[in-house]
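Respectively, the protein sequence lines represent chains D and B. Position one of the first sequence corresponds to residue 28 (my numbering), numbered consecutively onward. Position one of the second sequence corresponds to residue 48 (my numbering), numbered consecutively onward. Taking it in order: structure first as structure tokens, then the write-up.
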Amino acid sequence: MSSFYKLGQMPIGLTVPAFAILLVVFGIPTVLLFLISLNAPDFSVTNYYAFFTQPANVRVLFQTIEVSLVATGICLIVGYPTAYLIVTASKSLRITLIALVIIPYLTSGLARTYAWIVILGDRGVINNLLLGLGLIQSPLPLIYNRMAVYIGMVHIMLPLMILPLVSAMMGIDRSFVAAARSMGAGPFTAFRRVFFPLSLPGVRSGSLLVFVFCLGFYITPAALGGLRDAMLSTFIAAQVKSSFDMSRIATAAFILLAVAIIVLSMVGLDLSGTQGRAANPVRKSWLARLSIIRNLKLYLSELPRPYRAKRWAAQLYQAGTASRWPQIIGRVFVVLVMVYLLFPGLIVVVMSFSAGAFLEFPPSGLSLQWYRSFFGDASWNGAAWTSVQIGVEVAILSTIVGTLAAFGLSRMGPGSRSFLTMIIITPITFPVIVVGIATYLGLIELGLIGSQTGIILAHSIGAIGIVVVIVSATLANFDRTLVQAAKSMRAGPLQTFMRVTLPLIRPGLIGGAVFAFLQSFDEAVITSLVGGLSVRTLPLKMLENMRNQIDPTIAAVASLLMLLPLLWIIVFYVLWWKSKAKAQNTLPAPAA
Amino acid sequence: MSYSLTRRRFMQATSSAVAVGALSSVSSRVSAQSSGQITAVLGGGDWGKANIEAYAKPFEAETGIKVIPITDDIPLGQLELMVKANNVTVDVAALAQGSGLLAAKKGILEKIDYSIYEPKNLNGIYDFAKQPFGIASLIYSYNMVYNTEVFPADKPRPLTWAEFWDVEKFPGVRTLVTGQYGSEGPWEEALLADGVPADQLYPMDIDRVFASLDKIKPHIRKWWGSGSEIQQMLHDKVIDIAQSYDGRALLLVDQGAPVEINRNQAKLQWDYWVVPKGSSNVQNAQKFIEFATRADRQAAFAQLFPEGPSNRNAFELIPDQVARKLPTHPDYMKNSVSTNGQWYNDVGPDGLSNTERLMQRWNEWILQ
């Protein structure tokens, strides 16, 4: 018992639960998967040889890389100016814009893909409009091609590019730019020589994040793409569905993983070498996710911060702008980006009130029947309830385990800390199909395929990573002397935790729990692999409905799901508001 | 096979301690299931609903055995996994013909207990529908379907697959089923279009299949992957002429959509009711399948969901107007071709089954 207690005292001991879950559900199976792909115990590379001698595999591998690269490129081209314009906007406008970017990020990915089918379809919103205006005679082929795949993928990925960029740009001291200008640099030179290099860490984080996510895509390309637009994940998923040949599946999964790792290490190493400024060793490529969450924090802490210095810089910058044209173009650009991000959601909401039995836009009449069909059908509301239950359990488990781990990590040296953090967040940095296959293997061995416990464990491995990242960010600002002060006044460890530590890190805990819930609630790929048939979550029910049914119930579900992000934003806002109120109450106290 | 050996060996060495904790949860679930209930995979959408109404609910009422319906499909890989991991959570499932034959070959299905069937019922069931491992649940077909606004009945329109392939004579937007899973695809149609007689389709010449598909490839708007997709496309009048499940097209006809079905050169396909090996409710599952293949139940089903009964006695109980909607109506049967599930599962000298061969060729072909 006492040795157990001692273990709990050691920083590494606190990380044990997190690593235990990670190892059993994900780590060991990943190693097994690798051994299977190598035909262990005989060890040979025949599976890899077989993979590469099939021309279709090689072509689809290159196509997967190509599609991911192009999607990442588009995200960067659209996302960078957007982020820049958000950062240079006035305070209230900036907060609104960030919220508008976060809403689609928190909206169900399935619902968003589905919205694009409705918009781009041959009798979709755009074609119907053009046909109705008499501008075209027959529908334009907007869907079932590569362009539609990019439109759908970029739509899902763009917030993941913009948020890290905004985060990085907000950290840039704008007086540097002002200084450059005062020394005679033109606006473009000042941007190119000063601002852009300083924003590179954000570019790197965002690009890596988007690229790796794209590698694992398969639902969106299958729904929006044409015959040719297959991704390696599509092949892997088809193999999982039609056969049980683990060695072939494992081989394809590891090849995909190898691509991800090669790109991650290349970009990560290369840029971090030139970025001497990177004061924070944790902010490495692997931790790209961190910056998103950070950004949320920044967004919250930004609200009360005095703003004078920056406004001065902004005024100085504006004074140098001879023409108002750039500003107008900038505004139009931001409006277009926001319309692109939010329009699909709006379409789905309107369609959910349709009176017809098919997906139509505009609806032939208005009714609430599809909401009634959702709330009245046990298979729908049952699936929703299952998802809520699983989500809450995932949130509880991963918040406890993840917070312990974050505490342990915060007391370690920077070297081991960043290494262990990197390991803990592998499940959210690997392509999702690889995580799904590995988890699937892990849960077979545990006999948990098709059980709620199994799904909770499968979702938790990713959720724990998210909690660790968010709570670590909170702990970074946590003043340890407060704990020492409490202890010096004879408070026990538990009392110190409950009375001092917990209240201070509560926003981080709640933020972590919310994101953990969301990670579970929206998960479709891993769940469809490990869920068996006995547990039906809402995303699985949505997928089933999309395959078999075409009534607008799914639009009603998607609309209800869109209410969620609004709810989350309110939660965050209330949290910030409370902590601000508290800060105002407590701050004057020492002065008095 | 080799995988399961290595898997076991490694797991014994690495994580046997972990597995112990999981066992308790499994056994508790099994004991909960054996109290007079079965879990049945009944398919999604309207098909699943009809299965529940025609089979599951009356079965519960007659036997008192509760049916827990799962309204989705079960992939063969998942079924195999359950059986191999000795964690069978499904007692009855409807499997496509090819998957059923393959599953039987892999030894993961229970044998059907024909001793509990009444002779009259058993004689009514088509011979091809009675297999040692399963009984056909329904018979459906892939048909050519017209948008009658583009191809009205009083004008010439394609009647055979050869004419469907003739894009000069019959211009129009076309769709065919995707071949990405190998077991389902426009293979037979491609051969018929190329002039192969209907009774000589098997063994299929795969090179000839793809040579024929090459000709139609540029004219296909979408290779559809699910029934809802083809239903939505026909409803939206995006497609002028399609290959479609008959049931999806019939639903549209009943809703008054300008859609008509061509029964010539229809391709018949069927599902089997099966019981996974290791099910904890085998006897109840056998009873369910016996119940669901009775003529009166299948007649009730056909009136909810227009697919063909596997028990021909059902036709005596089905009004003619409904019977004419079914792909197994005697008038249609003689102009239809049956898919040969056995051929799909035949394994060549390279160790690949024809299904795998088709899937591989498809993956190469789509990227060309």
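C-beta atoms are modelled at their ideal positions from N, C-alpha and C, and glycine is treated no differently.
Return the CA-CA distance between residue i and residue j, expressed in angstroms with no decimal places.
{"i": "LYS269 (chain B)", "j": "THR140 (chain D)", "result": "17 Å"}
{"i": "LEU590 (chain D)", "j": "PRO454 (chain D)", "result": "28 Å"}
{"i": "LEU225 (chain D)", "j": "ILE199 (chain D)", "result": "7 Å"}
{"i": "ALA540 (chain D)", "j": "ALA103 (chain B)", "result": "41 Å"}
{"i": "ALA140 (chain B)", "j": "ASP367 (chain B)", "result": "30 Å"}
{"i": "ILE471 (chain D)", "j": "ALA465 (chain D)", "result": "10 Å"}
{"i": "SER478 (chain D)", "j": "GLY558 (chain D)", "result": "7 Å"}
{"i": "VAL197 (chain B)", "j": "GLY219 (chain B)", "result": "8 Å"}
{"i": "SER312 (chain D)", "j": "LEU160 (chain D)", "result": "Model confidence at SER312 (chain D) stands at a pLDDT of 40, short of 50, so the residue's coordinates are unreliable and nothing is read from them."}
{"i": "VAL552 (chain D)", "j": "THR91 (chain D)", "result": "18 Å"}
{"i": "ASN98 (chain B)", "j": "PRO116 (chain B)", "result": "9 Å"}
{"i": "ALA101 (chain B)", "j": "PHE338 (chain B)", "result": "10 Å"}
{"i": "PHE78 (chain D)", "j": "SER274 (chain D)", "result": "11 Å"}
{"i": "GLY535 (chain D)", "j": "THR528 (chain D)", "result": "11 Å"}
{"i": "GLY398 (chain B)", "j": "ASN392 (chain B)", "result": "11 Å"}
{"i": "PHE599 (chain D)", "j": "ILE122 (chain D)", "result": "13 Å"}
{"i": "ARG563 (chain D)", "j": "ILE482 (chain D)", "result": "10 Å"}
{"i": "VAL361 (chain D)", "j": "PRO186 (chain D)", "result": "13 Å"}
{"i": "TYR334 (chain D)", "j": "LEU235 (chain D)", "result": "Because TYR334 (chain D) carries a pLDDT of 48, less than 50, the predicted location of this residue cannot be relied on, and no value is offered for it."}
{"i": "LYS177 (chain B)", "j": "ARG359 (chain B)", "result": "13 Å"}
{"i": "GLY232 (chain B)", "j": "LEU560 (chain D)", "result": "26 Å"}
{"i": "LEU123 (chain B)", "j": "GLN144 (chain B)", "result": "11 Å"}
{"i": "VAL377 (chain D)", "j": "PHE402 (chain D)", "result": "18 Å"}
{"i": "GLY474 (chain D)", "j": "VAL192 (chain B)", "result": "46 Å"}
{"i": "THR110 (chain B)", "j": "GLY83 (chain B)", "result": "9 Å"}
{"i": "PRO179 (chain B)", "j": "ALA342 (chain B)", "result": "20 Å"}
{"i": "LEU62 (chain D)", "j": "VAL72 (chain D)", "result": "11 Å"}
Quick check: residue i and residue j, are their CB atoms within less than 8 Å of each other?
{"i": "GLY90 (chain B)", "j": "ASP138 (chain B)", "result": "no"}
{"i": "SER230 (chain B)", "j": "SER357 (chain B)", "result": "no"}
{"i": "PHE380 (chain D)", "j": "LEU395 (chain D)", "result": "yes"}
{"i": "ASP578 (chain D)", "j": "PRO566 (chain D)", "result": "no"}
{"i": "SER406 (chain D)", "j": "LYS568 (chain D)", "result": "yes"}
{"i": "SER280 (chain B)", "j": "THR195 (chain B)", "result": "The sequence given here places Met at residue 280 (chain B); Ser does not occur at that position. In this structure, THR195 (chain B) does not lie closer than 8 Å to MET280 (chain B) by Cβ."}
{"i": "GLY355 (chain B)", "j": "LEU142 (chain B)", "result": "no"}
{"i": "ILE596 (chain D)", "j": "ILE129 (chain D)", "result": "yes"}
{"i": "ALA98 (chain D)", "j": "TYR177 (chain D)", "result": "yes"}
{"i": "ALA217 (chain D)", "j": "VAL204 (chain D)", "result": "yes"}
{"i": "VAL145 (chain D)", "j": "GLY136 (chain D)", "result": "no"}
{"i": "HIS266 (chain B)", "j": "VAL224 (chain B)", "result": "no"}
{"i": "ILE488 (chain D)", "j": "VAL52 (chain D)", "result": "yes"}
{"i": "ASP283 (chain B)", "j": "ASP149 (chain D)", "result": "yes"}
{"i": "LEU41 (chain D)", "j": "ALA432 (chain D)", "result": "yes"}
How far does the beta strand (DSSP E) with residue i in it extend, from its first residue to its last?
{"i": "TYR193 (chain B)", "result": "182-194"}
{"i": "ALA140 (chain B)", "result": "139-143"}
{"i": "LEU223 (chain B)", "result": "221-224"}
{"i": "PRO131 (chain D)", "result": "Note, PRO131 (chain D): premise wrong, no beta strand (DSSP E); alpha helix (DSSP H) at 118-133."}
{"i": "THR86 (chain B)", "result": "84-88"}
{"i": "ASN311 (chain B)", "result": "306-321"}
{"i": "LYS269 (chain B)", "result": "267-271"}
{"i": "TYR428 (chain B)", "result": "With chain B represented from 48 up to 415, any question about residue 428 (chain B) goes unanswered, as that position is not in the structure."}
Could you work out which residues of chain B lie near residue i, taking near to mean beta carbons separated by less than 7 Å?
{"i": "PHE262 (chain D)", "result": "ASN410"}
{"i": "PRO82 (chain D)", "result": "GLU411"}
{"i": "ARG86 (chain D)", "result": "LEU414"}
Can you pull the chain D neighbours of residue i, defined as C-beta to C-beta under 9 Å?
{"i": "TYR228 (chain B)", "result": "ALA265, LYS268 and SER269"}
{"i": "ILE121 (chain B)", "result": "LEU560"}
{"i": "GLY91 (chain B)", "result": "GLU571, ASN572, ARG574, ASN575 and GLN576"}
{"i": "VAL88 (chain B)", "result": "LEU560"}
May I ask which residues mark the beginning and end of the alpha helix (DSSP H) holding residue i?
{"i": "PRO82 (chain D)", "result": "82-115"}
{"i": "VAL394 (chain B)", "result": "Premise fails: VAL394 (chain B) is in no alpha helix (DSSP H) and is neither H nor E."}
Note down, in chain order, every chain B residue with its Cβ under 8 Å from the Cβ of residue i.
{"i": "PRO166 (chain D)", "result": "VAL285"}
Using a Cβ cut-off of 7 Å, pull out every chain D residue sitting near residue i, in sequence order please.
{"i": "VAL256 (chain B)", "result": "What VAL256 (chain B) touches in chain D: nothing, since even the nearest Cβ is about 16 Å away."}
{"i": "ALA132 (chain B)", "result": "ILE471, GLY474 and ILE476"}
Just to make sure I have the definition right: I need the residues of chain D whose C-beta is within less than 8 Å of the C-beta of residue i. Which are they?
{"i": "VAL300 (chain B)", "result": "Within 8 Å Cβ-Cβ: nothing; VAL300 (chain B) doesn't reach chain D, min ~15 Å."}
Jot down the residue ranges of each uninterrupted beta strand (DSSP E) in the stretch 404-440 of chain D, minimum 3 residues, whole runs only, in chain order.
none
Complete runs of the alpha helix (DSSP H) confined to the stretch 353-390 of chain B [at least 4 residues]
367-370 and 377-380
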